[in-house]
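J.: Questions regarding the structure given below will be posed in turn.
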Amino acid sequence: MAEKKAVAEKKGQELATVSVYLNTGIVAGIFAVGFLVSAVLFAAITLIARAVV
290 MAEKKAVAEK
300 KGQELATVSV
310 YLNTGIVAGI
320 FAVGFLVSAV
330 LFAAITLIAR
340 AVV
């Protein structure tokens, strides 16, 4: 019984570690997309402002 519980706990920890890695990738991806979108918007607004003035 104790061995099965230890194996289950180990698998649970591995799954938790994998999910943390996946979440980190997702967060990094969202951050990168947000950064790119903000850079493009900033460039567009800057060009429009220069064209108007």
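Heads up: the sequence shown begins at 290 in this note's numbering, then just goes up one per residue. Positions of the beta carbon are idealized from the N, C-alpha and C atoms, including for glycine.
1) Is DSSP giving V316 helix, strand or coil here?
2) Given this structure, state the Cα-to-Cα distance separating V296 from L330, to the nearest angstrom.
3) Helix, strand or coil for V342 per DSSP?
T.: Taking the definition as stated:
1) helix
2) 51 Å
3) coil
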